[in-house]
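Those protein sequence lines, which keep their order, are chains A and B. Under my numbering, the first residue of the first sequence is numbered 1, with each subsequent residue one higher. Under my numbering, the first residue of the second sequence is numbered 358, with each subsequent residue one higher. A virtual CB, placed ideally from N, CA and C, is assigned to each residue, including glycine. Notes to accompany the following structure.
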Amino acid sequence: MIEIDSVTKIFTGRGAPFTALDDVSVTIRENEFFTLLGPSGCGKTTLLRVIAGFIDPTRGRVLLDGQDLLSLPPYRRPVNTVFQNYALFPHMTVAQNIAFGLEMQDRPRAEVSATVEEMLSLVRMTEMAGRKTSEISGGQQQRVALARALAPRPKVLLLDEPLSALDFKLRKEMQLELKRLQSETGITFVFVTHDQEEALTMSDRIAVMNAGEIRQFGGPRDIYDHPAERFVADFIGDTNFLDVTLLSSEGSTARVRLSSGSELDVRAPQADLPPGPATLAIRPEHAQITTPDTAPLRGVLSNIVYFGTDTHFHVELDAAGSFVLRRQNQPDQAQDWAIGDAVGVKVPPGVGQVLQD
Amino acid sequence: MAKPFEVHRQTGFATMAGLCFVVLYLPIVLLVVYSFNQGDSIAIWEGFSWRWYVSAWDNEQVQAATVRSLVIAFWAALIATTCAVLAALATTRQERFRGYTFVFAMINQPLMVPEIVTAVALLIFFAMIKVQTGYTGLGYLILAHSAFCLPFAYMPIRARLQGMDLSLEQAAMDLYGTPWRVFRRITLPQLWPGILAGAMLAFVISLDDVVITEFVKSAGQDTLPTYMLGQMRRVVTPEVNAISTVLLAISVVMVVAFYFLSRTKKQPTGG
Numbered sequence: 001m002i003e004i005d006s007v008t009k010i011f012t013g014r015g016a017p018f019t020a021l022d023d024v025s026v027t028i029r030e031n032e033f034f035t036l037l038g039p040s041g042c043g044k045t046t047l048l049r050v051i052a053g054f055i056d057p058t059r060g061r062v063l064l065d066g067q068d069l070l071s072l073p074p075y076r077r078p079v080n081t082v083f084q085n086y087a088l089f090p091h092m093t094v095a096q097n098i099a100f101g102l103e104m105q106d107r108p109r110a111e112v113s114a115t116v117e118e119m120l121s122l123v124r125m126t127e128m129a130g131r132k133t134s135e136i137s138g139g140q141q142q143r144v145a146l147a148r149a150l151a152p153r154p155k156v157l158l159l160d161e162p163l164s165a166l167d168f169k170l171r172k173e174m175q176l177e178l179k180r181l182q183s184e185t186g187i188t189f190v191f192v193t194h195d196q197e198e199a200l201t202m203s204d205r206i207a208v209m210n211a212g213e214i215r216q217f218g219g220p221r222d223i224y225d226h227p228a229e230r231f232v233a234d235f236i237g238d239t240n241f242l243d244v245t246l247l248s249s250e251g252s253t254a255r256v257r258l259s260s261g262s263e264l265d266v267r268a269p270q271a272d273l274p275p276g277p278a279t280l281a282i283r284p285e286h287a288q289i290t291t292p293d294t295a296p297l298r299g300v301l302s303n304i305v306y307f308g309t310d311t312h313f314h315v316e317l318d319a320a321g322s323f324v325l326r327r328q329n330q331p332d333q334a335q336d337w338a339i340g341d342a343v344g345v346k347v348p349p350g351v352g353q354v355l356q357d
Numbered sequence: 358m359a360k361p362f363e364v365h366r367q368t369g370f371a372t373m374a375g376l377c378f379v380v381l382y383l384p385i386v387l388l389v390v391y392s393f394n395q396g397d398s399i400a401i402w403e404g405f406s407w408r409w410y411v412s413a414w415d416n417e418q419v420q421a422a423t424v425r426s427l428v429i430a431f432w433a434a435l436i437a438t439t440c441a442v443l444a445a446l447a448t449t450r451q452e453r454f455r456g457y458t459f460v461f462a463m464i465n466q467p468l469m470v471p472e473i474v475t476a477v478a479l480l481i482f483f484a485m486i487k488v489q490t491g492y493t494g495l496g497y498l499i500l501a502h503s504a505f506c507l508p509f510a511y512m513p514i515r516a517r518l519q520g521m522d523l524s525l526e527q528a529a530m531d532l533y534g535t536p537w538r539v540f541r542r543i544t545l546p547q548l549w550p551g552i553l554a555g556a557m558l559a560f561v562i563s564l565d566d567v568v569i570t571e572f573v574k575s576a577g578q579d580t581l582p583t584y585m586l587g588q589m590r591r592v593v594t595p596e597v598n599a600i601s602t603v604l605l606a607i608s609v610v611m612v613v614a615f616y617f618l619s620r621t622k623k624q625p626t627g628g
């Protein structure tokens with residue numbers, strides 16, 4: 001268990017001081033796949049480097065199983081890192097790279113070679129053991145970097161955007177591979193990414209960061225279905241934002257009035273929101289395209305974009321703004337709408353989320 | 358349409374370039390050619406012979422000066438390179454400290470202070486020490502050479518360190534490597550080409566020095582260049598050409614080796 005307790009990091013250079021981490025507190029559980037998600041510059045990598053020991057925070061504490069990490073130099077922390085550029089040692093072979101951490105811990109030679117063998121087969125690189133790291137592909141380098149960091153059996157594995165350099169297909173493959181390695185080794189993974197899809201598919205829990213703060217923290221479903229604020233709703237997945245008036249709220253439901261005058265029952269992130277102007281967030285796949293007469297939102301179909309798996313409908317709303325709907329494609333689906341049609345947007349009860357900024 | 362200005366298309370460019378090369382290399386070519394002269398003159402060709410090489414080889418003064426030059430160059434290169442490695446680590450592997458620019462300028466001081474000034478200063482300084490200690494050995498020359506060779510050793514080593522991926526050292530530290538072990542297992546193996554290049558450059562610079570050596574040396578401590586200078590004042594034979602040619606060959610070999618060592622290797626990438 002890692003307890004990050006009010007960690008603040010202010011960089012003071014020649015320019016103005018920059019607050020990279022602003023009083024961040026979070027607890028990472030044992031054996032979980034934990035993701036720090038956010039746009040570049042949000043402080044996620046800084047937080048990772050604080051845990052690894054390459055950056056000293058200005059304030060705050062970091063405890064690993066109750067032990068103070070900040071007083072230890074990086075080489076005494078039971079924490080290993082998979083670097084963004086892999087940082088494989090170019091003058092060593094694949095096997096020598098994997099053995100490095102074990103040798104630095106002065107493990108017996110027999111144990112080192114046994115563990116290296118085990119790691120090579122864990123990442124399916126046994127045939128490549130004698131190769132130089134410059135002679136293997138990017139995906140293979142990635143796996144060697146993983147094996148090297150896992151070999152000393154750290155309590156925590158830190159991963160700094162390790163998939164960002166891989167092409168799409170390989171990235172999908174490595175996502176599953178990482179998930180498999182995490183469950184096979186039982187090591188806590190702390191994963192840094194700016195890719196929201198990666199975060200949703202792999203994580204047990206996600207901390208969404210922005211401007212040095214954790215904005216929301218929870219399971220992938222919580223974060224996607226119940227974004228707590230506009231930034232989170234906007235950063236994760238696609239979202240339609242509508243200006244509405246909050247009429248009343250009770251528990252986790254709220255009643256809002258759209259600018260078209262219709263009223264809707266939606267979800268509220270917290271109880272007892274004060275009535276007044278608010279924002280309604282609706283995922284494109286949660287709304288349905290329909291005929292205009294019964295729908296709460298009406299407009300003109302301005303564009304239809306075919307994506308293979310699904311189709312996006314862009315609607316210019318009569319009231320104000322635009323709305324995107326996503327519909328999964330079925331085989332032999334009739335082309336039922338055309339650009340320029342007057343259409344309606346149906347919002348099933350309880351799918352929108354009201355946000356107050 | 359006017360063509361863009363390209364200097365190598367201008368009239369007379371080839372002639373000018375050719376002239377520059379002639380001025381640069383003709384004297385050296387002549388020097389090498391006349392080192393094989395049969396006769397006693399350095400200007401009248403009388404046929405090919407190895408005579409002056411043999412004569413230089415058999416000359417005891419040349420032998421002693423050569424050994425002295427090599428000994429001084431070896432120790433100066435060793436001392437300068439060791440200091441240069443430490444200086445390069447201090448100026449690239451820690452956060453910028455107060456007075457960084459000052460330290461950088463101090464390390465490179467021999468490049469900026471006129472050599473004759475250093476020579477006079479060292480002459481006076483070492484004379485004081487000689488009076489105090491009575492020591493008159495090669496130590497003075499070795500120390501003086503170490504000092505002015507330092508920037509030449511420092512530059513390639515620093516360039517190599519700056520070109521090295523810092524994350525490798527971080528990764529090694531992350532994998533339980535203590536600072537000393539990280540240096541030995543990760544930094545040093547990758548720094549070797551830079552160290553060798555720096556040492557070779559320092560060696561060549563030391564081998565070649567006249568001004569400081571002339572001022573600092575005690576009686577009977579001629580190095581090859583100061584011996585040659587002394588010879589020029591008396592009778593000039595192609596023996597001097599022969600010695601020069603050998604020195605030239607050594608320098609060329611070293612500089613070529615330096616070039617190949619200091620070329621940055623391609624970073625390993627996947628493919």
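* To do: Can you give me the start and stop residues for the alpha helix (DSSP H) that Arg29(A) sits inside?
  => It is not in any alpha helix (DSSP H) - Arg29(A) carries neither H nor E in the DSSP assignment.
* Short check: CB of Ser262(A) to CB of Arg255(A), under 7 Å? -> No, the Cβ-Cβ distance between Ser262(A) and Arg255(A) is not below 7 Å.
* Asked: Using CA coordinates, which residue listed in Arg408(B), Glu452(B), Val380(B) is at the minimum distance from Glu13(A)?
  -> According to the sequence provided, residue 13(A) is Gly. The question's Glu does not apply to it. Put simply, of Arg408(B), Glu452(B), Val380(B) the residue whose alpha carbon is nearest the alpha carbon of Gly13(A) is Glu452(B).
* Asked: Touch check for the region 471-487 of chain B and the region 563-581 of chain B: three-plus C-beta pairs under 8 Å?
  -> Judged by Cβ distances under 8 Å, the region 471-487 of chain B makes contact with the region 563-581 of chain B, as three or more pairs qualify.
* Asked: Counting pairs of beta carbons, one from the region 166-179 of chain A and one from the region 89-104 of chain A, are three or more of them closer than 8 Å?
  -> Judged by pairs of C-beta atoms under 8 Å, the region 166-179 of chain A does not touch the region 89-104 of chain A, as fewer than three such pairs exist.
* Interface partners of His91(A) on chain B, CB under 9 Å -> Under the 9 Å cutoff, chain B gives Ile543, Pro546, Gln547.
* What residues in the region 554-565 of chain B bring their beta carbon closer than 8 Å to a beta carbon of chain A? -> If the cut-off is 8 Å between Cβ atoms, the region 554-565 of chain B has nothing near chain A.
* Asked: Mapping DSSP to helix, strand and coil, what is Lys155(A)?
  -> Reduced to three states, the DSSP call for Lys155(A) is coil.
* Asked: Considering His314(A), what are the terminal residues of the beta strand (DSSP E) in which it resides?
  -> Following the DSSP letters along the chain, one finds His314(A) inside the beta strand (DSSP E) bounded by residues 310-317.
* Any idea if Gln420(B) is buried or exposed, counting beta-carbon neighbours within 10 angstroms, 16 or more meaning buried? -> Answer is exposed; the Cβ neighbour count stays below 16.
* Determine whether the Cβ of Thr580(B) lies closer than 7 Å to any Cβ atom of chain A. => So, not an interface residue.
* **Residue-level contact to chain B via CB, Tyr75(A), 7 Å cutoff** => Taking Cβ atoms only, chain B reaches closer than 7 Å to Tyr75(A), which makes this a yes.
* **Bridge partner(s) assigned by DSSP for Pro277(A)** => Bridge partners of Pro277(A): Thr245(A).
* Can you tell me where the alpha helix (DSSP H) with Arg49(A) in it begins and where it stops? -> Residues 44-52.
* Can you give me, in chain order, the residues of the region 576-600 of chain B that have a beta carbon less than 7 Å from any beta carbon in chain A? => If the cut-off is 7 Å between Cβ atoms, the region 576-600 of chain B has nothing near chain A.
* Let me know if Tyr497(B) comes out buried or exposed under the rule of 16 or more other beta-carbons within 10 Å of its beta-carbon. => The residue in question, Tyr497(B), is buried, as its Cβ has 16 or more Cβ neighbours within 10 Å.
* Are the C-beta of Gln105(A) and some C-beta of chain B separated by less than 7 Å? -> Taking CB atoms only, Gln105(A) has a neighbour in chain B less than 7 Å away.
* Asked: Per the contact definition of three or more C-beta pairs closer than 8 Å, is the region 174-191 of chain A in contact with the region 144-154 of chain A?
  -> The region 144-154 of chain A, when compared against the region 174-191 of chain A, does touch it at the 8 Å Cβ threshold.
* Going by the beta-carbon positions, is the gap between Ser575(B) and Thr493(B) smaller than 7 Å? -> Yes; because the gap between Cβ atoms is below 7 Å, this pair is in contact.
* Asked: Is Asp23(A) closer than 7 Å to Arg61(A) when the C-beta atoms are compared?
  -> If you check the CB distance, Arg61(A) and Asp23(A) do not come in under 7 Å.
* Give a yes or no on whether the C-beta atoms belonging to Ser601(B) and Leu388(B) are separated by under 7 Å. => Taking 7 Å as the Cβ cut-off, Ser601(B) and Leu388(B) qualify as a contacting pair.
* **Own chain partners of Phe431(B) with C-beta closer than 8 Å, once the 5 adjacent residues on each side are dropped** => Sequence-distant Cβ neighbours of Phe431(B) in its own chain, meaning closer than 8 Å and more than five residues away, are Phe560.
* To do: Please compile the residues from chain B whose C-beta is within a distance smaller than 7 Å of the C-beta of Phe54(A).
  => The answer, in chain order, is Gln527.
* Asked: Leaving out the 5 sequence neighbours to the left and right, which residues in its chain are closer than 7 Å to Gln141(A) when beta-carbon positions are compared?
  -> For Gln141(A), the CB contacts under 7 Å within the same chain, skipping 5 residues up- and downstream, are Tyr86, Leu88, Thr133 in chain order.
* **Own chain partners of Pro275(A) with C-beta closer than 7 Å, once the 5 adjacent residues on each side are dropped** => Shown here for Pro275(A): same chain residues with a beta carbon closer than 7 Å to its own, the five before and five after excluded, namely Leu246, Leu247, Ser248 in chain order.
* Asked: What does Gly101(A) reach in chain B if we use C-beta pairs closer than 7 Å?
  -> Residues of chain B passing the Cβ test: Leu532, Tyr533.
* Asked: Since Pro39(A) meets chain B, which of its residues come closer than 7 Å, beta carbon to beta carbon?
  -> Correct list: empty, because the minimum Cβ distance to chain B is about 22 Å.
* Taking Cβ positions only, does Ala16(A) come closer than 7 Å to chain B? -> Contact of Ala16(A) with chain B is not assigned, every C-beta pair being separated by 7 Å or more.
* For Cys440(B), which residues from the same chain have a beta carbon less than 7 Å from its beta carbon, with the 5 sequence-adjacent residues on both sides left out? -> The residues are Leu507.
* To do: From the DSSP output, read off the bridge partner residues of Asn303(A).
  => BP columns for Asn303(A) point to His314(A).
* Looking only at its own chain, which residues have a Cβ that is under 6 Å from the Cβ of Pro369(A), when we skip the five neighbours before and after it? -> Residue 369(A) lies beyond the range of chain A shown here (1 to 357); nothing can be said about it.
* Asked: Whose C-beta lies closer than 8 Å to the C-beta of Asp579(B) among residues of the same chain, with five residues either side of it excluded?
  -> Gln418, Ala421, Ala422, Arg425, Gly587, listed in sequence order.
* **Cβ neighbours of Thr393(B) in the same chain (closer than 6 Å, five flanking residues each side left out)** => It is Phe, not Thr, that sits at residue 393(B) in the sequence shown. Cβ neighbours of Phe393(B) beyond the five flanking positions: Phe405.
* Asked: Whose CA, out of Arg408(B), Ala434(B), Gly491(B), lies closest to the CA of His502(B)?
  -> Ranking the options by Cα distance to His502(B), first place goes to Ala434(B).
* Given Met585(B), which residues of its chain have a CB within under 8 Å of its CB, disregarding the five upstream and five downstream residues? -> Within the same chain, Cβ atoms closer than 8 Å to the Cβ of Met585(B) are found at Val597, Ile600, Ser601, the five residues on either side in sequence being excluded.
* Asked: Are the C-beta atoms of Ala87(A) and some chain B residue less than 7 Å apart?
  -> With its beta carbon less than 7 Å from one in chain B, Ala87(A) belongs to the interface.
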